[in-house]
Amino acid sequence: MKSYAPSRSSLLMAPALAWLTALMVVPCALVLALAFFRRGIYGGIEYTFTLENFGLVFDPLYAGIFLNSARIAGTATLIAVVIGYAAAYAIAAAPRRLQPVFLFFAVLPFWSNYLIRTYAWIVLLNREGLITQLLRWFGYTGEPPSMLYTEGAVIAGLVYNYLPFVILACYAPLSRLNPELAEASRDLGASAMTTFRRVILPLTVPGIAAGAVFVFVLSIGNFVTPALLGGGRFQMIGNLVYDQFLTANDWPFGAALAMALIAIMLLVLTAQALAADRAAGRIAEAKGGADG
Amino acid sequence: MSAPRTLLAIDKVSKNFGRVTAVDGISLDIRENEFFALLGPSGCGKTTLLRMLAGFETPNDGRILLDGRDIARTPPNKRPVNLMFQSYALFPHMSVRANVSYGLEMERLPAKEIRSRVDAILATTELVALADRKPEQLSGGQKQRVALARALVKRPRLLLLDEPLGALDKKLRGAMQLELKRLQHEVGITFVIVTHDQEESLVMADRMAVLRDGKLLQCDTPHAVYEHPVDRFVADFIGVMNFVPGRATDDGVLAADGARIVGTVPSTLAPGAAAVASVRPERIRLFPSAQTANRVAGTVEALAYQGLDLQLHVRTALSQKPFLVRVTADAADRRPVASGDAVELGWDAVDVRIFAD
Amino acid sequence: MAERSPATRRTLWLVLSLVFAFLYIPIAVLVALSFNQGGLPTVWSGFSLKWYASLAGNAAILSAALNTLIVALVSTAIATLFGTLLAIGVEIRRQYGSGLEALIFAPMIIPDIVLAIALLSFFSLLDFTLGLHTIILAHVVFNLAFVCSVVRARLKSFDWSIVEASADLGASAITTFRRVTLPVILPAVVAGALLAFTLSVDEFIIAFFTSGAGRASTTLPMQIYSMIRFGITPEINALATIVMAVSITALTLSQRLNRGVIGQ
Ligand SMILES: Nc1ncnc2c1ncn2[C@@H]1O[C@H](COP(=O)(O)OP(=O)(O)O)[C@@H](O)[C@H]1O
Ligand SMILES: [Mg+2]
Chain A
0 MKSYAPSRSS LLMAPALAWL TALMVVPCAL VLALAFFRRG IYGGIEYTFT
50 LENFGLVFDP LYAGIFLNSA RIAGTATLIA VVIGYAAAYA IAAAPRRLQP
100 VFLFFAVLPF WSNYLIRTYA WIVLLNREGL ITQLLRWFGY TGEPPSMLYT
150 EGAVIAGLVY NYLPFVILAC YAPLSRLNPE LAEASRDLGA SAMTTFRRVI
200 LPLTVPGIAA GAVFVFVLSI GNFVTPALLG GGRFQMIGNL VYDQFLTAND
250 WPFGAALAMA LIAIMLLVLT AQALAADRAA GRIAEAKGGA DG
Chain B
0 MSAPRTLLAI DKVSKNFGRV TAVDGISLDI RENEFFALLG PSGCGKTTLL
50 RMLAGFETPN DGRILLDGRD IARTPPNKRP VNLMFQSYAL FPHMSVRANV
100 SYGLEMERLP AKEIRSRVDA ILATTELVAL ADRKPEQLSG GQKQRVALAR
150 ALVKRPRLLL LDEPLGALDK KLRGAMQLEL KRLQHEVGIT FVIVTHDQEE
200 SLVMADRMAV LRDGKLLQCD TPHAVYEHPV DRFVADFIGV MNFVPGRATD
250 DGVLAADGAR IVGTVPSTLA PGAAAVASVR PERIRLFPSA QTANRVAGTV
300 EALAYQGLDL QLHVRTALSQ KPFLVRVTAD AADRRPVASG DAVELGWDAV
350 DVRIFAD
Chain C
0 MAERSPATRR TLWLVLSLVF AFLYIPIAVL VALSFNQGGL PTVWSGFSLK
50 WYASLAGNAA ILSAALNTLI VALVSTAIAT LFGTLLAIGV EIRRQYGSGL
100 EALIFAPMII PDIVLAIALL SFFSLLDFTL GLHTIILAHV VFNLAFVCSV
150 VRARLKSFDW SIVEASADLG ASAITTFRRV TLPVILPAVV AGALLAFTLS
200 VDEFIIAFFT SGAGRASTTL PMQIYSMIRF GITPEINALA TIVMAVSITA
250 LTLSQRLNRG VIGQ
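Line by line, the protein sequences are chains A, B and C.
Counted the way numbering that gives the first Met the number 0 counts, the first sequence spans residues 0 to 291.
Counted the way numbering that gives the first Met the number 0 counts, the second sequence spans residues 0 to 356.
Counted the way numbering that gives the first Met the number 0 counts, the third sequence spans residues 0 to 263.
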C-alpha cells in the first residue's frame with residue numbers, strides 16, 4: 000500500500016463525498032441560511048436578513064421548551080447510564096464465552112424498528128394494558144392508573160430505546176480493563192467498593208461519556224417518542240421543529256430551532272471529546288498493562 | 000566457470016520519506032544466479048531498498064538497471080522481479096493451489112501449462128499434500144513455502160525475499176536456511192534476501208552487503224566480510240569480536256594500561272590516533288607459547304557451552320568487557336578450566352585487526 | 000476479573016435478568032398479542048392468525064411495504080457501492096484531516112429531524128418533485144456512512160501487503176480489486192449492506208419529510224405511524240411483528256457474516 004496507492008484514493012472517495020456534500024452539507028448550510036430570513040405572510044420565506052428567529056429561540060415560551068427537553072433528555076440519560084452500566088458490568092463479569100451472546104441480545108432490540116419499540120410501550124402502558132391487568136390480578140379495583148401520555152412514559156420510552164447503546168458503549172472499556180488492576184487495588188488494601196470507585200469507574204469513564212452523549216443527543220432531538228408516548232402534551236424541541244415545518248409553516252424559525260439543536264449537540268460532543276482526552280492518559284496505562 | 004555476469008545494477012540509488020533518508024546513495028551489483036544477502040540492523044533501509052527493486056517505492060535519485068535496462072519507474076506488475084513478503088501476504092480466501100496459480104493466470108498462460116508448472120513447483124516445495132488447504136490452516140513454515148512457491152513459479156529474473164525466516168523459530172530456521180539454498184540451486188534463479196541476522200547471511204549468502212543508516216558499508220563474500228571487516232561497526236556486527244581500545248602506534252595499538260597489541264596498522268591511521276585492536280574468540284589460545292606476539296593474563300569469570308565448544312569470559316586489564324574465548328571441546332578436555340582460575344591468553348599478530356575508534 | 004463472592008455473582012445475574020426482562024417483555028407482549036383472537040388489542044382471548052390474514056388483504060399496507068422495499072433496495076445498493084469505495088479510499092490514504100472524518104461521521108449523529116427538514120428545504124428550493132426518488136436520495140446519505148464504517152472496521156485489520164503481492168504477481172489494479180481486495184472484505188460489505196437495508200426499512204422521519212404528500216410514496220414506517228396515531232389495533236401488532244422479524248433476521252445474518260458489526 001502506502002506509496003503507490005494513495006494517488007487513486009481520491010477517485011475512490013469522490014462519489015460518496017460528492018453525495019454527502021450535495022445532500023447533507025449543502026442542505027444543512029441552507030437551513031443555517033434560512034434561519035436568517037423572515038417568515039413570509041402566507042408562510043413562504045421573505046428574503047430579508049434578520050436575527051429575529053434566533054431571538055425567538057430565547058423567548059421564555061420556547062426557552063422553556065428547550066429547558067424542558069434538556070430536563071427530560073437529562074433524566075433519561077441518567078437512568079439509561081445507571082442501568083446500562085450495571086448491565087455492561089454484569090455482562091463483562093459473565094463467563095467469557097457467554098459475553099458475545101449476551102451482548103448480541105442486549106443490542107438486538109436497538110436494531111428493530113424505533114416506532115414499533117415505542118408502540119410496544121403504548122401497549123404496555125395504556126389503560127387496559129398489561130400493567131393495569133397485572134394490578135387487577137393482584138386485586139387492585141380502582142381506576143386504571145394513567146401512565147400513558149405522561150412525562151414518565153416519555154422518559155421510559157427514551158430509556159428503553161437507547162439503553163442498548165449505553166450497554167455497548169460501557170461494555171467496551173469494561174471488557175478491555177486489565178483485571179490485574181483491580182487485583183492490585185485489592186492487594187494494596189482497597190475494599191471492593193473503593194476499588195470500583197477509584198480504579199474501575201475512572202478507567203471506564205470514556206465509555207460512559209460516549210453512551211451518555213449518544214442518549215442525550217438523540218433524546219433531546221427526538222420527535223417520535225414525545226409524539227406517541229407524550230400524546231403531544233409534552234413538547235420537545237424535535238416536535239417544535241416539526242410543527243414549524245409542517246403545521247405552523249414558519250420555516251425560518253424552524254431552521255433557527257434546528258440550528259440551536261445542532262449547537263447543543265456540538266457543545267455536548269466537544270465536552271465529551273475533552274473528557275476523553277483527559278481520560279486517554281489513564282487508559283493508555285491500563286492497556287499497556289494488559290498487552291505487556 | 001565463466002566470468003560472473005551482472006544481472007542487476009543498483010546505481011547511486013537514494014530514497015527519502017519526508018526528512019528521513021531511508022536509502023542513501025547505494026551502488027551495488029548483483030550477479031546472475033547468486034544468492035545475495037542485504038544485512039544490517041533494523042531500520043537501516045533494507046526493506047526500502049528491496050521495495051524499490053520490486054517497484055513499490057520509486058527512488059528519489061539513481062538508477063536500477065536490470066539486464067542493462069532502467070526499471071526504476073516500471074510498475075511492480077510489469078517487472079520480471081518477484082518479492083516474497085515479510086508477512087508472506089498469502090491471499091486468505093484462496094487455497095494453496097489458487098495462490099500459486101494466481102501469478103501465472105496474470106500472464107494469461109494456457110490452463111494446461113499453468114497446471115503443470117504449478118504441479119511441478121508444489122512438488123519441489125513439498126506442498127502437494129497441502130494444495131487444497133487455505134492459508135489459515137498452515138503452519139508458519141508451510142506458509143513460508145507457499146509464499147516461496149508462489150513467487151518462484153513465475154520464474155522471475157530476480158527473487159526478492161524480505162526476512163523470509165524471521166517469523167520461524169530457531170530450529171526450523173536452521174532447516175529452512177539449507178532448504179532455501181537447495182531450492183535456489185535447483186531453480187537457478189538469482190535470490191536477494193534481506194536479513195538482520197548476521198549468522199543467517201554468513202550461512203546462506205554467496206555475497207553480502209552490510210548496510211547502516213541507509214549507506215552501504217561493505218559488499219563482499221561472507222568470508223571476506225568476516226575476516227576483513229572494513230570498520231569497527233562491521234567487525235562488531237558480524238560475528239563476535241573482542242576489542243582493545245587505545246592509541247595507534249607503528250606496529251599496533253597501545254592500550255590504556257600500557258600493554259602493546261601487535262598487528263598491522265592500516266595506512267589511514269596516523270600514530271597516536273584513537274584506535275581499537277580486535278581479535279575473534281576462536282583465534283585466541285589458552286596458555287600460549289612464549290613466542291606468541293600478544294599475551295595477557297586474566298581470570299575466568301564464567302563458562303558457557305556453545306554446542307560442543309566452550310566459551311569463556313576472561314577478565315583482563317585490557318578492556319572493560321571480559322574477553323570472549325572459544326575453546327574447542329578437545330582442548331577443554333585436555334586442560335580443564337573452571338570459574339575463578341587464573342589463565343593466560345595469547346594470539347598472533349596476523350589475527351589482529353585494527354580500526355579507527 | 001477478580002474472583003467474586005457467590006453473593007456478588009448472584010447480584011450480577013439478577014441485574015442481567017432484570018435488564019433482559021426490561022428489554023424483551025415489551026416486545027414479547029406485542030408479539031404475543033399479534034396472535035390474539037379477540038378484537039381487543041391488549042386482552043388475550045385465544046390463538047389466531049387472523050390479523051396476519053387481514054394484513055394480507057390491506058391494500059394500503061401492501062403498497063407501503065412495496066415502497067419500503069424499493070427505497071431500501073435501491074438506497075442500499077447505491078450506498079454499498081459508494082460507501083465501500085469511500086472506506087477503501089479513506090483507509091488507503093490514512094493521512095486525512097479531521098474534517099473528512101467529521102463529514103463521514105456526521106450522518107450517523109445528526110438528529111434525524113434536522114436532516115429531514117434540511118432535505119425538505121433543499122428539495123423545495125430546487126423545486127424537486129418529492130416522491131420515492133427523493134426518499135432514496137436522502138436514505139443514501141446515512142446508509143453511506145454506516146456501510147463505510149462497517150467496511151472500515153474490517154479494513155483496519157486488512158493486510159495490505161496482499162494487495163502489493165497481487166501487483167507483484169502481475170495483476171493490474173482492477174484485477175487486484177476484483178480478485179483479492181473485494182473477496183476478502185466481502186463479508187463486511189454484505190454486513191454493511193444488510194445494516195443499511197434494515198436502517199432504511201425502519202427509517203421514518205426523513206422519509207416522512209421527503210416523501211411529499213399523497214399515498215403513492217408512503218412507506219411502511221409512515222403507514223405504521225399513522226395507524227398508531229389512530230389507535231392501537233391487533234393489526235398493528237401483527238404488522239409490527241413481521242417488520243421486527245425482518246429486521247432481526249437481517250441483523251442476525253449481518254452479525255454472523257461479520258463478527259461484531261453490531262459491536263462497532
Ligand atoms: N513509508 C514510509 N514512510 C516513512 N518512513 C519510512 C517508510 N518506510 C520506511 N521508513 C523509514 O525508513 C527507514 C528505513 O526503514 P526500512 O527500510 O523499513 O528498514 P529495515 O527494513 O532495514 O528495518 C526507517 O527509519 C523507517 O522508519
Ligand atoms: Mg524490514
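We put the beta carbon where it would ideally sit given N, CA and C, even for glycine.
Given the structure is predicted, the values throughout are model-derived calculations rather than measurements.
(1) So, does the segment 100-110 of chain C touch the segment 124-144 of chain C, judging by three or more C-beta pairs under 8 Å?
(2) Taking C-beta to C-beta, are R279/B and G238/B nearer than 9 Å?
(3) Can you name the residues of chain C whose CB is closer than 8 Å to the CB of P75/B?
(4) Looking only at its own chain, which residues have a Cβ that is under 7 Å from the Cβ of A303/B, when we skip the five neighbours before and after it?
(5) Compute the Euclidean distance between the alpha carbons of A337/B and V324/B, then round it to the nearest angstrom.
(6) Return the CA-CA distance between L55/A and I130/A, expressed in angstroms with no decimal places.
(7) If the cut-off is 7 Å on Cβ atoms, which residues from the segment 29-56 of chain A count as contacting chain C, listed in chain order?
(8) Could you name the residues of chain C that S86/B contacts, counting a contact when the two beta carbons are closer than 8 Å?
(9) For W110/A, which three-state DSSP category applies?
(10) Compare the Cα-Cα distances from L72/C to each of V189/C, M226/C, T240/C and report the closest residue.
(11) Under 9 Å between C-beta atoms, does P3/B make it to chain C?
(12) Alpha carbon to alpha carbon, how far is D329/B from T298/B? Give it in angstroms, no decimals.
(13) By the DSSP assignment, the beta strand (DSSP E) with V179/C in it spans what residues?
(14) Strictly by DSSP, which residues pair up with C218/B?
(15) Are the C-beta of M105/B and some C-beta of chain F separated by less than 9 Å?
(16) Check each candidate in I283/B, L268/B, M240/B, A130/B and name the one with the smallest Cα separation from Y225/B.
(17) For Y139/A versus G229/A, is the C-beta distance shorter than 9 Å?
(18) Quick one: list the residues of chain C neighbouring P367/A, beta-carbon separation under 7 Å, in chain order.
(19) Please report the distance separating the alpha-carbon of G63/A from that of G188/A.
(20) Please tell me whether A79/A and V158/A are closer than 9 Å, where the distance is taken between their beta carbons.
(21) For D201/C, return the contacting residues in chain A, with the cut-off set at a CB-CB distance below 9 Å.
(22) Cα separation between R178/C and L103/B?
(23) Can at least three beta-carbon pairs, one atom from the segment 52-72 of chain C and one from the segment 232-248 of chain C, be found at a separation below 8 Å?
(24) Between V179/C and chain B, is there a C-beta pair that is closer than 9 Å?
(25) Whole angstroms are fine: how far does the CA of L65/B sit from the CA of V186/B?
(26) Looking at the unbroken beta strand (DSSP E) that takes in R325/B, where does it start and where does it end?
(27) Thinking C-beta only, is A119/A closer than 9 Å to L173/A?
(28) Under 8 Å: does the beta carbon of S246/C sit that close to some heavy atom of ligand 1?
(29) Cβ closer than 9 Å: which chain B residues qualify as neighbours of V183/C?
(30) How would you write the range of the beta strand (DSSP E) that P244/B sits in, first residue to last?
(31) Is the distance from the Cβ of S210/C to the Cβ of T133/C below 9 Å?
(32) Please list the segments of the alpha helix (DSSP H) lying wholly inside the segment 32-79 of chain C, counting only runs of 4 or more residues, in order along the chain.
(33) Is S138/B near ligand 1, going by C-beta to nearest heavy atom under 8 Å?
(34) What number of angstroms, rounded off, separates the C-alpha of K153/B from the C-alpha of E300/B?
(35) What is the DSSP secondary structure of V336/B, counted as helix, strand or coil?
(36) May I ask you to check if the CB of G165/B is nearer than 8 Å to at least one heavy atom of ligand 1?
Short version:
(1) With the cut-off at 8 Å, the segment 100-110 of chain C and the segment 124-144 of chain C touch.
(2) It is a contact, given that the beta carbons lie within the stated cut-off.
(3) What P75/B touches in chain C: E163, A166, D167.
(4) Here A303/B has Q310 as same chain residues with Cβ atoms under 7 Å from its own Cβ, once five neighbours each way along the sequence are excluded.
(5) The C-alpha of V324/B is placed about 13 Å away from the C-alpha of A337/B.
(6) In this model, L55/A and I130/A are separated by some 42 Å (Cα to Cα).
(7) Within the segment 29-56 of chain A, the residues whose Cβ lies closer than 7 Å to some Cβ of chain C are L29, V30, L33, listed in chain order.
(8) The answer, in chain order, is D158, S160.
(9) The answer is helix: DSSP assigns W110/A an H, G or I state.
(10) In terms of Cα proximity to L72/C, the closest of V189/C, M226/C, T240/C is V189/C.
(11) No, P3/B does not count as interfacial toward chain C.
(12) When rounded, the distance between both Cα atoms is 21 Å.
(13) Looking at the DSSP string, V179/C is not in any beta strand (DSSP E), and its letter there is neither H nor E.
(14) Its beta-bridge partners are A208/B.
(15) The structure shown contains no chain F; its protein chains are A, B and C.
(16) With distances taken between Cα atoms, Y225/B lies closest to M240/B.
(17) At least 9 Å separates the beta-carbon of Y139/A from that of G229/A.
(18) Residue 367/A lies beyond the residue range present for chain A, which begins at 0 and ends at 291; the question has no answer from this structure.
(19) Between the alpha carbons of G63/A and G188/A lies a distance of about 50 Å.
(20) Yes, these two residues count as a Cβ contact at 9 Å.
(21) The answer, in chain order, is W110, S111, N112, Y113, L114, I115.
(22) Approximately 14 Å, taken between the alpha carbons.
(23) With a cut-off of 8 Å, the segment 232-248 of chain C and the segment 52-72 of chain C count as touching, because enough Cβ pairs lie within range.
(24) Contact with chain B is found for V179/C, since one of that chain's Cβ atoms lies less than 9 Å from the residue's Cβ.
(25) The alpha-carbon atoms of V186/B and L65/B are separated by roughly 19 Å.
(26) Per DSSP, R325/B belongs to the beta strand (DSSP E) from 322-326.
(27) Going by C-beta atoms, L173/A is not nearer than 9 Å to A119/A.
(28) Of the heavy atoms belonging to ligand 1, none sits nearer than 8 Å to the Cβ of S246/C.
(29) Contact note: V183/C reaches chain B through F90, P91, H92, using a C-beta cutoff of 9 Å and chain order.
(30) Per DSSP, P244/B is one residue of the beta strand (DSSP E) stretching across 241-247.
(31) Cβ atoms of S210/C and T133/C: closer than 9 Å.
(32) As far as the segment 32-79 of chain C is concerned, its whole alpha helix (DSSP H) runs of at least 4 residues are 49-55.
(33) No - ligand 1 has no heavy atom lying nearer than 8 Å to the Cβ of S138/B.
(34) Distance from the CA of K153/B to the CA of E300/B, rounded to the nearest whole angstrom, comes to 55 Å.
(35) Three-state DSSP puts V336/B in coil, outside helix and strand.
(36) Not so, every heavy atom of ligand 1 lies at least 8 Å from the Cβ.
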